[in-house]
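> Heads up: the sequence lines are chains Y and P, in that order.
Residues in the first sequence are numbered consecutively from 1, following my numbering.
Residues in the second sequence are numbered consecutively from 1001, following my numbering.
All C-beta atoms, glycine included, are put in the ideal place defined by N, C-alpha and C.
The structure that follows is given in the form of structure tokens.
Protein chains: 2
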Amino acid sequence: MEVKPPPLRVTAAAPPPAREKLADAAYAALKASILEGLLPPGVETAEQAIADQLGMSRTPVHEAALRLQHEGMLQVLPRKGVRVLPLDPEDLRQTYEVLIALEGAAAALLAAQAHPAALAAMERATAEMGQALAAGDRAAWAAADDRFHRALVEGCGNPKLARLAATATDQAQRARALTAARRPEPVLSAEEHGAILAALRAGDSEAARAATARHRARASAEILSVLRG
Amino acid sequence: MEVKPPPLRVTAAAPPPAREKLADAAYAALKASILEGLLPPGVETAEQAIADQLGMSRTPVHEAALRLQHEGMLQVLPRKGVRVLPLDPEDLRQTYEVLIALEGAAAALLAAQAHPAALAAMERATAEMGQALAAGDRAAWAAADDRFHRALVEGCGNPKLARLAATATDQAQRARALTAARRPEPVLSAEEHGAILAALRAGDSEAARAATARHRARASAEILSVLRG
DNA sequence: CCATACCACCTTCCATACCAGTATCCCCAG
DNA sequence: CTGGGGATACTGGTATGGAAGGTGGTATGG
């Protein structure tokens, strides 16, 4: 089945008007609820119920559910409802492998160019992580860590890569939120971030990639061991 | 805005039933039409018109359009229609960087494990590429090349990575289809594939990653130079 | 003849209605 | 009491109509 070329009207590129849509609101609300753990894994609920809570109809909720399904956060089961996917260790392993690939590439790209602003942001985030750790504020630590990685992928000059990495990070964040209490203090992250920064400053792409990969691989192993019990 | 935990009903994991939906058909039809060039870049058309051609309503077409938009093939412009995105060289560069990262990681993973079936498939594909090239059959060559890369990412043991790589490959395929006529004979690919296979057989992850990255980087540079004129 | 303002059409987005399918529960038979 | 069969009700997938909004065309005034 093919779509035949309709009456042509070639246009130049145009900036997206970006009106806020209800579907976007539903997406954000659902995602936030899942990431915060308000909707624990395994929960099943009907689209209609979600629509009622959000004060909209099923249509935008359905669209949001499909998007989240695409990202692997939930599953829409016909005649069953939408189900928040449990954190499958195997799934998480795959996600971390993707994340290692993407962030490693981002680090290599960033090392190959001068980008003082990104490096500064990453240094600031690392410093804040140290402060938060000293203060025992795990939430602040996680936020600063998130800023570090976000600055890394957003500074590499590849928005597509950054977007994919952000999606994978969202998944990993879920796992970190659920295992935070059972993991030891994240004292290693700061020095690993330091190693990444050093490689970036030196402009050594391979070292930057390797340091980033090591950092994520260690975190992955740690979380997986906790998750697997 | 948050979704409060509704009446819980925790269930065990279940395999997806995977009924075929009209939305999937619309997605496939649209994507094929774009990849084949039937819907050239820049074209604007209404969702209604597509729905009419496919003999369905606007709802599944809209869903398909959103999916394609997510993949970067088109753009849904409110009150304008869906627009097939032009092949922006900058965009393609980003896509290839993602592809290099993902396929490089896949090669490294594959090298670290024994997977004779995948290697055999890749060797077969490479041989078929040689035959197609000798016969002057560009289409068969492209198909065999596609099989090579598909076997690589699907053999690495990470379906998530494979899916992302497949999406990126689709984008690259569009560019290859549009520039095929203006590019030289792809004689280098076969030996580059050979280098990748050698590294995989040797179990050398780093060499496999490097060889894969080099292969894609060369193709990327070639296509981009043609595309930029 | 050109510029401007108004109007009408066409678009997506959302709400609502319909449909088909299946899981569940109840009832009856053994 | 237990097992099976069927009716029922609830679900998501799809269709459709209405509303909001923007664009292009046209008409009018300078």
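(1) Can you say whether PRO1060/P is buried or exposed, counting buried as having 16 or more other CB atoms within 10 angstroms of its CB?
(2) Where does GLU97/Y sit, in a helix, a strand or coil, going by DSSP?
(3) Would you say THR1095/P faces chain Y, with C-beta separation under 8 Å as the test?
(4) From the beta carbon of PRO5/Y, is the nearest beta carbon of chain P less than 8 Å away?
(5) If I follow the unbroken alpha helix (DSSP H) through ALA1030/P, where does it start and stop?
(6) Would you be able to state if there are at least three C-beta pairs under 8 Å between the stretch 161 to 181 of chain Y and the stretch 88 to 97 of chain Y?
(7) Answer with yes or no whether the minimum CB distance from ARG1009/P to chain Y is below 8 Å.
(8) Per DSSP, which residues does PRO1045/P bridge with? Please list them.
(9) Mind checking if ILE223/Y is an interface residue toward chain P, Cβ cutoff 8 Å exclusive?
(10) Do you know offhand how far VAL76/Y's Cα is from LEU87/Y's?
(11) Would you tell me roughly how many angstroms separate the C-alpha atoms of GLY1229/P and PRO1184/P, rounded to the nearest one?
(12) Closer than 9 Å by beta-carbon distance: list the chain P residues that pair up with ILE100/Y, in chain order.
(13) Just to confirm my understanding: we take GLY194/Y, look at its own chain, exclude 5 residues before and 5 after, and list those with CB closer than 8 Å. What are they?
(14) Between which two residues does the beta strand (DSSP E) containing LEU1077/P stretch?
(15) Short of 6 Å in beta carbon distance, which residues of its chain neighbour ALA46/Y, apart from the five on each side in sequence? Order them along the chain.
(16) Going by beta-carbon coordinates alone, are GLN118/Y and ALA132/Y separated by less than 8 Å?
(17) Going by Cα to Cα distance, which pick from ARG1209/P, ALA1142/P, GLN1048/P and LEU1197/P is closest to GLN1173/P?
(18) Do ILE1100/P and ALA1213/P have their C-beta atoms closer together than 8 Å?
(19) Just checking: is the beta-carbon of GLU128/Y within a distance shorter than 8 Å of some beta-carbon in chain P?
(20) Straight-line CA distance for SER205/Y to GLN1113/P?
(21) Using the C-alpha atoms, what's the distance from LEU224/Y back to LEU92/Y?
(22) When the distance is taken between beta carbons, is ALA180/Y closer than 8 Å to ALA108/Y?
(23) Residues in its own chain within less than 7 Å of LEU164/Y by CB, not counting five upstream and five downstream?
(24) Inspect the beta-carbon positions of MET129/Y and LEU197/Y and report whether they are closer than 8 Å.
(25) Is there a C-beta anywhere in chain Y that falls below 8 Å from the one on PRO960/P?
(26) Give every residue of the same chain whose Cβ lies closer than 8 Å to the Cβ of GLU268/Y, excluding the five residues on either side of it in the sequence, and list them in chain order.
(27) Should PRO1089/P be flagged as near chain Y, meaning a C-beta pair shorter than 8 Å?
(28) I'd like the span of the alpha helix (DSSP H) that includes LEU200/Y, first residue to last.
(29) Are PRO116/Y and VAL84/Y closer than 8 Å when you measure CB to CB?
(30) As a quick exercise: from ARG124/Y, ARG182/Y and GLY42/Y, pick the residue whose alpha carbon is nearest that of ALA190/Y.
(31) Can you check whether the C-beta of GLU1063/P is within less than 8 Å of a C-beta belonging to chain Y?
(32) Would you say PRO186/Y lies against chain P (beta-carbon separation less than 8 Å)?
(33) Within its chain, find whatever has a CB closer than 8 Å to the CB of ARG218/Y; leave out the 5 residues flanking it on each side and keep chain order.
(34) Output yes if chain Y places a C-beta closer than 8 Å to the C-beta of LEU1161/P; else output no.
Short version:
(1) Taking the first residue of the second sequence as position 1, residue 1060/P is located at position 60. Buried is the call here.
(2) For the purposes of this step, residue 97/Y is taken as residue 97 along the first sequence, with counting starting at 1. Helix, per DSSP.
(3) To locate residue 1095/P, count along the second sequence from 1; it is residue 95. Taking Cβ atoms only, chain Y reaches closer than 8 Å to THR1095/P, which makes this a yes.
(4) Counting from one through the first sequence, the residue named residue 5/Y turns up at place 5. Residue confidence is low: PRO5/Y scores 38 on pLDDT, short of 50, so the model does not pin down where it sits. Its coordinate-derived value is still stated next. Chain P contact via Cβ: present.
(5) Stepping through the second sequence from its first residue, residue 1030/P is reached at position 30. Inspection of the sequence shows that residue 1030/P is occupied by Leu rather than by Ala. It spans 1022 to 1035 - the alpha helix (DSSP H) in which LEU1030/P sits, taken as one unbroken run.
(6) yes
(7) Reading the second sequence from its first residue, position 9 is the one you call residue 1009/P. Here ARG1009/P scores only 37 on pLDDT, less than 50, and its place in the model is too uncertain to base an answer on.
(8) Translated into positions along the second sequence, residue 1045/P becomes position 45. Here residue 1045/P turns out to be Thr, not Pro, going by the sequence shown. In DSSP, THR1045/P forms a bridge with VAL1082/P.
(9) For the purposes of this step, residue 223/Y is taken as residue 223 along the first sequence, with counting starting at 1. Residue-level contact by beta carbon fails for ILE223/Y and chain P, as no gap is shorter than 8 Å.
(10) Here the question's residue 76/Y lines up with position 76 in the first sequence. Here the question's residue 87/Y lines up with position 87 in the first sequence. Put simply, the backbone Cα of VAL76/Y is about 16 Å away from that of LEU87/Y.
(11) Your numbering for residue 1229/P matches position 229 in the second sequence. Your numbering for residue 1184/P matches position 184 in the second sequence. Going by the C-alpha atoms only, they are around 14 Å apart.
(12) Locating residue 100/Y in the first sequence gives position 100, counting from the first residue. What ILE100/Y touches in chain P: ALA1105.
(13) Numbered from its first residue, the first sequence carries residue 194/Y at position 194. Contacts found: THR126.
(14) Walking along the second sequence from the start, residue 1077/P turns up at place 77. Residues 1074 to 1077.
(15) As a first step, residue 46/Y is located in the first sequence; it is residue number 46 there, counting from the start. Leaving aside the five residues that flank ALA46/Y on each side, the residues in its chain whose CB is nearer than 6 Å to its CB run, in chain order, GLY81.
(16) Within the first sequence, residue 118/Y is the residue found at index 118, counting from 1. Within the first sequence, residue 132/Y is the residue found at index 132, counting from 1. Position check: residue 118/Y holds Ala in this sequence, whereas Gln was assumed. Contact flag unset, no.
(17) Here residue 1173/P refers to the residue found at position 173 when the second sequence is read from its first residue. It is ALA1142/P whose Cα lies nearest to the Cα of GLN1173/P.
(18) By 1-based counting over the second sequence, the position of residue 1100/P is 100. By 1-based counting over the second sequence, the position of residue 1213/P is 213. A contact, by the Cβ cut-off of 8 Å.
(19) The count along the first sequence starts at 1 and reaches residue 128/Y at position 128. It does not: the Cβ of GLU128/Y has no partner Cβ on chain P nearer than 8 Å.
(20) Locating residue 205/Y in the first sequence gives position 205, where the first residue counts as 1. Locating residue 1113/P in the second sequence gives position 113, where the first residue counts as 1. Their Cα atoms are separated by approximately 26 Å.
(21) Translated into positions along the first sequence, residue 92/Y becomes position 92. Translated into positions along the first sequence, residue 224/Y becomes position 224. Approximately 8 Å, taken between the alpha carbons.
(22) To locate residue 108/Y, count along the first sequence from 1; it is residue 108. To locate residue 180/Y, count along the first sequence from 1; it is residue 180. At least 8 Å separates the beta-carbon of ALA108/Y from that of ALA180/Y.
(23) Position 164 of the first sequence, counting from 1, holds the residue named residue 164/Y. LEU102.
(24) Locating residue 129/Y in the first sequence gives position 129, where the first residue counts as 1. Locating residue 197/Y in the first sequence gives position 197, where the first residue counts as 1. Cβ atoms of MET129/Y and LEU197/Y: not closer than 8 Å.
(25) Outside the displayed span of chain P (1001 to 1229) sits residue 960/P, for which this structure offers no information.
(26) This structure does not reach residue 268/Y, given that chain Y is present from 1 up to 229, and the question cannot be answered.
(27) Residue 1089/P sits at position 89 when you count from the first residue of the second sequence. Taking Cβ atoms only, chain Y never reaches closer than 8 Å to PRO1089/P, which makes this a no.
(28) Within the first sequence, residue 200/Y is the residue found at index 200, counting from 1. That run of the alpha helix (DSSP H) goes 188 to 202.
(29) Counted from its first residue, the first sequence places residue 116/Y at position 116. Counted from its first residue, the first sequence places residue 84/Y at position 84. The criterion of a C-beta distance shorter than 8 Å is not satisfied by PRO116/Y and VAL84/Y.
(30) The sequence position of residue 190/Y within the first sequence is 190, counting from 1. The candidate whose alpha carbon is nearest that of ALA190/Y is ARG124/Y.
(31) Counting from 1 along the second sequence, the entry for residue 1063/P is found at position 63. Answer yes: the Cβ-Cβ gap between GLU1063/P and chain Y drops below 8 Å somewhere.
(32) As a working mapping, residue 186/Y is identified with position 186 in the first sequence. Judged by the 8 Å Cβ criterion, PRO186/Y is not in contact with chain P.
(33) Reading the first sequence from its first residue, position 218 is the one you call residue 218/Y. Closer than 8 Å at the Cβ level, and outside the excluded window around ARG218/Y, lie LEU188 and GLU192.
(34) Locating residue 1161/P in the second sequence gives position 161, where the first residue counts as 1. Closer than 8 Å: yes.
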